[in-house]
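Protein chains: 2
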Amino acid sequence: MHPDHITINDVGPRDGLQNQPKLLSKDQRLSLISALVDAKVPEIEVGAFVSPKAVPAMAGTDELFADLAASLKNNSSLFSALIPNMKGFELAMSAKVPLMSLVVATSNTMNLKNIRMTTHDSVSVSKDVLKAAKKQGANVQAYVATAWACPFEGKISADSVFSITEQLLQAGASSIVIADTIGAANPLEVNQLMEAMASRFDLSQLSCHFHDTRAMGLANVYAAISAGVRRFDASIAGLGGCPFAPGASGNVATEDVVMMVQQMGFSTGIDMALLVKAADLAIELTGSASGGNAKPWIENYYLNESA
Amino acid sequence: MHPDHITINDVGPRDGLQNQPKLLSKDQRLSLISALVDAKVPEIEVGAFVSPKAVPAMAGTDELFADLAASLKNNSSLFSALIPNMKGFELAMSAKVPLMSLVVATSNTMNLKNIRMTTHDSVSVSKDVLKAAKKQGANVQAYVATAWACPFEGKISADSVFSITEQLLQAGASSIVIADTIGAANPLEVNQLMEAMASRFDLSQLSCHFHDTRAMGLANVYAAISAGVRRFDASIAGLGGCPFAPGASGNVATEDVVMMVQQMGFSTGIDMALLVKAADLAIELTGSASGGNAKPWIENYYLNESA
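Take a look at the structure:
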């Protein structure tokens, strides 16, 4: 393995905040995103175009994009937003969102419970959005959620992941994020699935998303890197959490991932000192995030040594 | 990779307690060891035959072995103790210690600071002990400490590790534990070194020891497993800690390692419910250990699901 470059997409302002008990104001969300931009995080998931009644934490995402365009003219971060369906796509188009994210779960039970559709219908809806996106020149990626395990159906077959990935790529998705939505994957199965994915698809179009629910977040990132993956979701300060495991950690923390891959010799372009400031802000704003497991060491040693 | 069996050596009662601020009584140490025996941990590092003035936490290790022999007649755990030199070996022989552990650090600076000897002299002393052990039929393994990085000399060359390992195996060490003493290794270099070791030595004689200082403990365990290693040190509740990183975690927690490898399909023979009880006891006795990162999930979900 020759360490080269790894791209980090911070999902804290969306996947993170959406799962925090405290609702942040639009200005607080903007300050967190600005802190991530300052730290030169290359990709940031800013919000979601979902019903504000169903997900109050993501209300006003359209205004947030307008504010970001006005206040952060010279930033180099790519901003994205979650879109659940065609209506979300249209709202995101109006808000001039540079990158949109669709989500398809692997299991019928999960899809039926979450969006009252079968997996087949969910893929169809996504294909329609991708078709519209192609026409209008929009950049849309897609998440394959619960890619290793579903809380209702258990282990997911790799064939389901291959099939959904193939359909979404053919329909025009710019990349596919293989997501361990509930933090149930172990590094052995992460490595096996991502090696199989790498033999079927273009690695430059693949990304991974892990939770630290069972403390295996970094091990899973490393297992995916071993298989050739070079783009990862992570969440500042470990913002997020999993409804299935209160008390356990949420998304794998951005500062932990960046530290590990930098130590392994990969470049990320991220400023660690400013990233830790963003983590402090996330902890302060939410009052519940605890920060990555490596944060004490980064603050006490890594930043002092490299200063 | 075909998951088979992984052997866990819990070093909490020695490496763990030695680095805790609170001194435990002999009875408290015995109760922790008994809890690990109850959980069917196959190997347990019980204490050290070192100067009680220099290391008061390990005073009375000889009595501890006598108590263990008297109180735990039918246990299946292999008890070990650290021996720094020939005097330690003789004390351990008198105490009928089934497995003894020597330690050689890779760097001259570390050896000079710790034991006022060069690496060459430290290897010589260890060879003398191994010679005596052979004559007297004792089982002695050896640690190669600071195998990836030394706090004084930085990165350590793989050749140093190969050379020390070769000399100690030839002198009769039953196995070699490659130790990331200061928690500075990353999974890429763990995988590289252990793959190189596996091509030179018998994997069944190799073991690894990791700290979670930079949150990479489990990633490093997985990286070593990928290289074929099947025996690991770990410390109950993450007891331990590193003098170079206060506030950061200590040894990788036994419950985290056992959970990860069991999820990967490996057998360990360990009873997870009783292991969590041992972790609770370690936390209660020391007042400073925090438990493994996966402990909340294990307690709230894993044990409930499998109950």
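Protein sequences, first through last, are from chains A and B. Position 36 of the first sequence, counted from 1, bears residue number 36 in this note's numbering, the numbering being contiguous throughout. Quick note: to get this note's numbering, add 307 to the position in the second sequence (first position is 1). Where is the CB? At the ideal position from N, CA and C, for every residue including glycine. Fair warning: this is a prediction, and the values are worked out from it, not measured in the lab.
- For the region 185-216 of chain A, the beta-carbon criterion of a distance under 7 Å to any beta-carbon of chain B is satisfied by N186, P187, L188, T213, R214, A215 and M216.
- Against chain B, a Cβ distance below 8 Å from M272(A) picks out nothing, because the smallest value is about 13 Å.
- Contact between M93(A) and Q136(A) holds, since their C-beta atoms are separated by about 6 Å, short of 8 Å.
- Taking 8 Å as the upper bound on Cβ-Cβ separation, chain B lies near no residue of the region 131-160 of chain A.
- For H312(B), DSSP records a beta bridge to S574(B).
- When rounded, the separation of the alpha-carbon atoms in G557(B) and G292(A) is 15 Å.
- Residue contact check for D180(A) against chain B: no CB pair falls below 8 Å.
- The straight-line gap separating the alpha-carbon atoms of Q499(B) and A132(A) is approximately 47 Å.
- Under the 8 Å criterion on CB atoms, D317(B) is classed as non-interfacial with respect to chain A.
- With 16 or more neighbouring CB atoms inside 10 Å of its own CB, L188(A) falls in the buried class.
- Counting only residues of its own chain and dropping the five nearest sequence neighbours on each side, R507(B) has a CB closer than 7 Å to the CB of F469.
- The beta carbon of F266(A) sits closer than 6 Å to those of P3 and I6, all from its chain and outside the five residues before and after it, given in chain order.
- In this structure D466(B) is exposed. Its beta-carbon is surrounded by fewer than 16 other beta-carbon atoms within 10 angstroms.
- K441(B) sits in a helix when the DSSP states are folded into three classes.
- Listed along chain A are D212, A215, S249 and N293, each with a C-beta nearer than 8 Å to that of N600(B).
- Within chain A, the residues A215 have their CB atoms less than 7 Å from the CB of D563(B), given in chain order.
- Under the Cβ criterion of 8 Å, G572(B) is counted among the residues facing chain A.
- Residue contact check for A530(B) against chain A: a CB pair falls below 8 Å.
- Considering only M567(B), E352(B), G524(B) and A560(B), the residue with the shortest C-alpha distance to L389(B) is E352(B).
- Within the region 71-118 of chain A, complete beta strand (DSSP E) segments of at least 3 residues are found at 78-82 and 99-105, given in chain order.
- Contact check between the region 339-353 of chain B and the region 370-386 of chain B: three or more CB pairs, one atom from each, fall below 8 Å, which counts as touching.
- Between the region 195-215 of chain A and the region 590-597 of chain B there are fewer than three inter-stretch CB-CB distances shorter than 8 Å, so the stretches are not counted as touching.
- At a cut-off of 8 Å between C-beta atoms, L102(A) does not count as an interface residue with respect to chain B.
- DSSP links N558(B) through a beta bridge to H518(B).
- Residues of chain A with a Cβ closer than 8 Å to the Cβ of M567(B) are, in chain order, N186, P187, R214, A215, M216 and A219.
- The alpha-carbon of D256(A) is positioned some 22 Å away from that of A486(B).
- I178(A) is bridged by DSSP to V144(A) and C208(A).
- Within the model, the alpha-carbon separation for I489(B) versus P151(A) is close to 38 Å.
- Taking a C-beta distance under 8 Å as the contact criterion, A402(B) and D428(B) do not qualify as a contact pair.
- No Cβ-Cβ contact shorter than 8 Å links G354(B) with L337(B).
- The Cβ-Cβ distance between G319(B) and S542(B) falls below 8 Å.
- According to the DSSP assignment, V344(B) belongs to the alpha helix (DSSP H) that extends over K333 to D345.
- When DSSP states are grouped into helix, strand and coil, G545(B) belongs to the helix group.
- For E299(A), the CB contacts under 7 Å within the same chain, skipping 5 residues up- and downstream, are V276 in chain order.
- One Cα belongs to N114(A), the other to A145(A), and the distance between them is close to 12 Å.
- Contact check for L206(A) against L32(A) fails: the beta carbons are separated by 8 Å or more.
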